[in-house]
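Which chain is which? The protein sequence lines are A, B, C and D, in order.
For the first sequence, my numbering gives the first residue as 32, with consecutive numbering after it.
For the second sequence, my numbering gives the first residue as 32, with consecutive numbering after it.
For the third sequence, my numbering gives the first residue as 19, with consecutive numbering after it.
For the fourth sequence, my numbering gives the first residue as 19, with consecutive numbering after it.
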Amino acid sequence: MSTVLSKKNVPDLSIEIGPIHLKNPVLAASGTFGYGQEFEAVMDLSRLGGIVTKAITLEPRLGNPPPRIVETASGMLNSIGLANVGVAAFVRDKMPFLRSCGTAVIVNVAGRSMEEYVEVARRLSDCPGIHALEINISCPNVQEGGLAFGADPKVAAAVIGAVRDVTQLPLIAKLTPNVTDIAGIAAAVQEAGADAVSLINTLVGMAIDATRGRPELGGVTGGLSGPAIKPVALAMVWKVAQAVRIPVIGMGGIMNAGDALEFMLAGAVAVQVGTANFVDPTSTIRIVEGLEDTLRERGMGSVKEIIGALEV
Amino acid sequence: MSTVLSKKNVPDLSIEIGPIHLKNPVLAASGTFGYGQEFEAVMDLSRLGGIVTKAITLEPRLGNPPPRIVETASGMLNSIGLANVGVAAFVRDKMPFLRSCGTAVIVNVAGRSMEEYVEVARRLSDCPGIHALEINISCPNVQEGGLAFGADPKVAAAVIGAVRDVTQLPLIAKLTPNVTDIAGIAAAVQEAGADAVSLINTLVGMAIDATRGRPELGGVTGGLSGPAIKPVALAMVWKVAQAVRIPVIGMGGIMNAGDALEFMLAGAVAVQVGTANFVDPTSTIRIVEGLEDTLRERGMGSVKEIIGALEV
Amino acid sequence: MTDTKTTILHQERIVPQIFRLCLSSPGIAQEARPGQFVHLRIREGTDPLLRRPFSIHRVDRERGEVQVLYQVVGQGTRLLSRKPVGERLDALGPLGHGFEVSEEGGGVLLVAGGIGIAPRFFLCEDWLRGRAGTALIGARTRDGILCHDLLRSGGVTVHIATDDGSFGDRGVVTDLLNAQLEAGREASASPIVYACGPVAMLASVAALCRAYEVPCQVSLESRMACGLGACLGCAVKVRSSVPPGYEYQRVCTEGPVFEAEEVIW
Amino acid sequence: MTDTKTTILHQERIVPQIFRLCLSSPGIAQEARPGQFVHLRIREGTDPLLRRPFSIHRVDRERGEVQVLYQVVGQGTRLLSRKPVGERLDALGPLGHGFEVSEEGGGVLLVAGGIGIAPRFFLCEDWLRGRAGTALIGARTRDGILCHDLLRSGGVTVHIATDDGSFGDRGVVTDLLNAQLEAGREASASPIVYACGPVAMLASVAALCRAYEVPCQVSLESRMACGLGACLGCAVKVRSSVPPGYEYQRVCTEGPVFEAEEVIW
Ligand SMILES: Cc1cc2nc3c(=O)[nH]c(=O)nc-3n(C[C@H](O)[C@H](O)[C@H](O)COP(=O)(O)OP(=O)(O)OC[C@H]3O[C@@H](n4cnc5c(N)ncnc54)[C@H](O)[C@@H]3O)c2cc1C
Ligand SMILES: Cc1cc2nc3c(=O)[nH]c(=O)nc-3n(C[C@H](O)[C@H](O)[C@H](O)COP(=O)(O)OP(=O)(O)OC[C@H]3O[C@@H](n4cnc5c(N)ncnc54)[C@H](O)[C@@H]3O)c2cc1C
Ligand SMILES: Cc1cc2nc3c(=O)[nH]c(=O)nc-3n(C[C@H](O)[C@H](O)[C@H](O)COP(=O)(O)O)c2cc1C
Ligand SMILES: Cc1cc2nc3c(=O)[nH]c(=O)nc-3n(C[C@H](O)[C@H](O)[C@H](O)COP(=O)(O)O)c2cc1C
Ligand code: FES
Ligand code: FES
């Protein structure tokens, strides 16, 4: 009897992103959680819905010259520039730990060319323990490609289509907000075979040191993230959720469970938490707990009841 | 002798926006300063570089249903919806006061159709005391038109071209940030005869009341303004200033003289101050004073020395 | 209108979540009229960004003091409640269009729900001295009933209702109003009603007053940015004689006090 | 690593713009090593959003206390300086890779510019007890010379230089270092140098040490987001044996203390 009751009191946080089953809808966002290990000392990683890795490219990349970050009002700009160990070292040195975390592993894939995306995806397909690939066609911090791939629906679809051909892994297309019509791009990657879309990546932004008359960032412009961009992210998630059939993963400025709820009400099946990890490294877990509390308070059995439940 | 010295100590803040001469580069932004009169009790309006009015349409407009505003992290969303008295009442009831303010008057023009823009501009051309028209092809808060006009370079150019044909007044095209390539749109309106561009209007955003599961705004989505968007605005101003020959007026999250300097370093000839007027109604004057102090500290004779002086 | 760096003279918690804040501001104290509000900048920096509006609860013109009675409902009011005595506070005010108090009619009926009592008090002090006044105060529980002692000692007849019956009658404040209006009708004494409180309550009060053909002024709230009439953010829907039959007015300028029958609820 | 709600035990202004903050945090006090830092969340809300890193200045392991010595340079440090005793502060730490202290060599030379003295002090207390140590402290004026008394009473020989000659020698701290290294060469005693201060000073110190072939560790600063090695935001350029001859390392993880000759200035 008591087990039944207590079972009833634990709301079901699990969700599906196409073929991927997640124990809860809270993922750590790419580029903000390293390769997972960096947060091991402060939290139990197995409580996460999943970890999205820093972008992986074919060769190791050093990234952009410093300064790489600067704080802005309720946000931050970064111009890290896809610094990463490269796919070979990732598979060899980082995957063993990630595989052991007890949570879903989603690898963020970036490239300078269509061929690079394809090759990275192909190599990751052979690596056990990867639950999905997030194809980053939206990074604003690299000169060649990156943003260009995600800003045009045809090019975006071509990249996703090409990657689709070489891997069985579920594909999540990560979209850029720096476009006129994000819903059109979402629809295009859906047609090209994406299993889900995730949005938003950072907004292009800039900060200037007025005293020295120079850009604050080594990369001159950077990507804006954090609470400042939440309203923009939410509007785009809502728009995209109405435009596509595939699941939408929402992100942008999520700091707490209330923010996560807003994205899920707007139609996101899951959320990613980025900048918040820097402010409070246990943000993701606080959000999981907060969602659980909310469901309990509202007497809801499953987090799925919230998805897209916004009354307009 | 002393007059010469003191004269030398007063830096020259005046600037030109194409054919318009302004006593200083600080304007109150459209929609945030009413028709000027609302701020009369708290400040000396003649100290402003200029006032940009709330958008004027052909007929009076009631605007969107409340709630019309909601605060977000370091910003706010508005869905006012171009509520205004209409061009006839504006000319009759609002211009007499504006004309007497001792500052430049720029009228923000909006419309549902190309014809409406043209007709409003035509009627304003006959009204004395207007220094320029700011053609608002970028309002995100109206269903028909508004955003659509500013999101496509061809349509944007067509609107500006059509208005150009009916008025001798200097034309400032106000651009939306909700596009993939704002520099392309700036170039298009330049070719169509705009004397200047101003940017950015608000970013499309949304907020949700997670408790009630409803949008916070009566208009569902709204326009994001305030310090949160400053990095986005600055990046766009910098980009556009490099892409066009006509003067650029920068805005988006300017709260103090330091912010204004950042925009001018990035290439803005003048700035507009919007949301800051709500936080401190004397913001514009504080910024004028702050610019003056900065020039004096740096021993600069004219504010023009700062424009576009960013070292990248 | 003055935009002055006021100083916090004292601040006390009256009941859980409700605070009384006393500011030194001779300019605002001098000019303020019942029903007007002050627009407070909670703290420096950009979070929270906008000011917060609060009715003027009470003024002491001689000492140049202004009081606000407020409830902690979110980040801004929570931060306000933690401010120490002596701190400076940026206040804009007095703003808005207050109560219109007519000298005629059969007495004044004040109706207040919860924190809605705040502006009511200034009204009593300022205008009622010596005149017959009745205040009807409602809240969910005993803790929500504020200022009744002060009102009584000011010569006002006070009736109280709480949802749970923990103080005064069990019921809602509109029950009290109904009784008063009914009694008034029997006595052919038509009062003026001044109401402030949650929107649902105000709508009921307005409906009752219309039914009894009694004039009623309500004090409305809405989210505000400028507080000066410039942003049009605080719009409220009111009747209009021209199509489409309604228009929007600004709570900060045409209001916060409106004739109840003008408002479209 | 602990992420603990610490309490402010005391906070005092030492000279204008420089404050000493003492936190209760047994966990951090226990684990901290010289050169490591704590990452402090300045206040709730989103402005400022990110934490601020500060070197651990001193710890009292028995009492579970951690001290930070900081200079007010912007919004975050200004807000920190206003925090009252008793307030909770969210601290992440100890973070980073501190000084490597070798047991050999001819004595220890500490070089500090301005607020760069902060981590130096912990180093002295923790590692130097009984060993020969010399501290070279530089600042623009007298007011910038900190902790010299404390160091002296800890048995450290202290030399001071100020730009304006208001305290110690007139000149810069690298002049003092030059003299020390020259004297050391004559005595064939090669010291280890530990340096902390503005980047320009560190670069000069590194150049001098290289010229004298003396090992040198420098403590670097950079803007930080996570402090945990995850964001790659705190990158600093260091030499690498593989093309293109350099790479980026993380100040929060591989640093803040680096071998001076690794750093590309
Ligand atoms: C003319 C006027 C007079 C007022 N007088 C008083 C008063 O005397 N005492 C008092 O306690 N409160 C009064 N209010 C309400 C008060 O302004 C809000 O409670 C306050 O702004 C909330 O700020 P917050 O940051 O704590 O809450 P937030 O975190 O901003 O919001 C918390 C909740 O309060 C709601 N809210 C926010 N701002 C307003 C607003 N301006 N009006 C109504 N609801 C709002 C939000 O929608 C949300 O549900 C008045 C409002 C107006 C417009
Ligand atoms: C490992 C490490 C240890 C440090 N130890 C100390 C210490 O013991 N005592 C001390 O006073 N300061 C120390 N600092 C510097 C301190 O972190 C900054 O002064 C502080 O973050 C500034 O915050 P703010 O909000 O007051 O200034 P802001 O308003 O953020 O900036 C003001 C100025 O300081 C610069 N700045 C901001 N953040 C940093 C940063 N992280 N590093 C360098 N410059 C920065 C900005 O570019 C700007 O010019 C340390 C920094 C690092 C990385
Ligand atoms: C420091 C930093 C590095 C990032 N690196 C990547 C990346 O490598 N790949 C990617 O797809 N997104 C990257 N992002 C974007 C985030 O994953 C996320 O889309 C964005 O920050 C918005 O979410 P937030 O506001 O919660 O941070 C990065 C963001 C930050 C702040
Ligand atoms: C309440 C409000 C109303 C606005 N109305 C208009 C408008 O009528 N026409 C227009 O071109 N821009 C309008 N804007 C946009 C501002 O003029 C400005 O472009 C934008 O707010 C960014 O500047 P800021 O961050 O300084 O506010 C409005 C902005 C706000 C906040
Ligand atoms: S709050 Fe701006 S018009 Fe009322
Ligand atoms: S601060 Fe994030 S990696 Fe160093």
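Note that beta-carbon positions come from the ideal geometry of N, C-alpha and C, so glycine has one too.
Nonlocal neighbours in the same chain, by C-beta distance under 8 Å from residue i, ignoring five residues either side
i: VAL197 of chain B; result: VAL149, ALA152, ARG153 and SER156
i: VAL300 of chain B; result: ILE46, GLU47, ILE48, PRO56, ALA227, PRO278, VAL279, ILE280 and ILE338
i: TYR103 of chain C; result: Strictly speaking, residue 103 of chain C in this sequence is Val, with Tyr absent from that position. Within the same chain, VAL103 of chain C has close Cβ partners ILE26, LEU27, HIS28 and GLN29.
Which of helix, strand or coil DSSP assigns to residue i
i: CYS270 of chain C; result: coil
i: ILE13 of chain D; result: Any property of residue 13 of chain D remains undetermined from this structure, which presents chain D solely from 19 to 283.
i: VAL315 of chain A; result: It should be noted that the sequence gives Thr, not Val, for residue 315 of chain A. Residue state, collapsed to three classes: helix.
i: LYS54 of chain B; result: coil
i: VAL190 of chain D; result: coil
i: CYS227 of chain D; result: helix
i: MET32 of chain B; result: Residue placement at MET32 of chain B cannot be trusted, given a pLDDT of 37 that sits under 50; what the coordinates show is reported in the next sentence. Correct three-state label for MET32 of chain B: coil.
i: ALA223 of chain B; result: coil
i: ALA72 of chain B; result: coil
i: VAL343 of chain B; result: coil
i: ARG276 of chain B; result: coil
i: ASN109 of chain B; result: strand
i: LEU97 of chain C; result: helix
Rounded straight-line distance, which links the Cα of residue j to that of residue i
i: PRO262 of chain B; j: ASN167 of chain A; result: 22 Å
i: VAL136 of chain B; j: MET126 of chain B; result: 9 Å
i: ALA278 of chain D; j: VAL236 of chain D; result: 6 Å
i: GLY80 of chain A; j: HIS52 of chain A; result: 9 Å
i: VAL302 of chain B; j: ASP124 of chain B; result: 27 Å
i: VAL268 of chain A; j: SER333 of chain B; result: 46 Å
i: ALA274 of chain B; j: ILE36 of chain C; result: 56 Å
i: TYR88 of chain C; j: PRO233 of chain C; result: 27 Å
i: SER206 of chain D; j: GLU200 of chain D; result: 10 Å
i: LEU164 of chain B; j: GLY67 of chain B; result: 16 Å
Assumed close pair residue i, residue j - CB separation to whole angstroms, cut-off 8 Å
i: THR152 of chain C; j: GLY172 of chain C; result: Not a contact, Cβ separation roughly 12 Å.
i: LEU206 of chain A; j: LEU108 of chain A; result: Contact flag wrong, Cβ pair sits at about 19 Å.
i: ALA291 of chain B; j: LEU322 of chain B; result: 6 Å
i: PHE128 of chain B; j: ASN308 of chain B; result: The Cβ separation is near 17 Å, so there is no contact.
i: GLY131 of chain C; j: ALA150 of chain C; result: With 8 Å as the limit, GLY131 of chain C and ALA150 of chain C do not qualify as a contact, their Cβ atoms being about 22 Å apart.
i: ILE155 of chain C; j: VAL191 of chain C; result: 7 Å
Extent of the continuous alpha helix (DSSP H) run through residue i
i: PHE294 of chain A; result: 288-296
i: LYS205 of chain A; result: Here LYS205 of chain A belongs to no alpha helix (DSSP H); instead the beta strand (DSSP E) covers 202-205.
i: GLY156 of chain C; result: Where GLY156 of chain C is concerned, there is no enclosing alpha helix (DSSP H), although the beta strand (DSSP E) it sits in stretches over 151-157.
i: PRO127 of chain B; result: 126-130
i: TYR148 of chain B; result: 145-156
i: GLU49 of chain C; result: 44-49
i: HIS115 of chain D; result: Here HIS115 of chain D belongs to no alpha helix (DSSP H), and DSSP marks it neither H nor E.
Own chain, CB closer than 7 Å to residue i, minus 5 neighbours either side, in chain order
i: ALA120 of chain A; result: PRO91
Range of the contiguous beta strand (DSSP E) that encloses residue i
i: VAL360 of chain A; result: For residue 360 of chain A there is no data in the structure shown, the boundaries of chain A being 32 and 343.
i: ARG76 of chain C; result: 76-78
i: LYS255 of chain D; result: 253-257
i: GLY254 of chain B; result: 252-256
Beta carbon proximity, residue i to chain E, threshold 7 Å
i: THR207 of chain A; result: Protein chains A, B, C and D are contained in the structure displayed, whereas chain E is not.
Same chain only: Cβ atoms within 6 Å of residue i, ignoring 5 sequence neighbours per side
i: ARG59 of chain C; result: ARG69 and ASP108
i: GLY283 of chain A; result: ILE231, ILE260, LYS261 and ALA264
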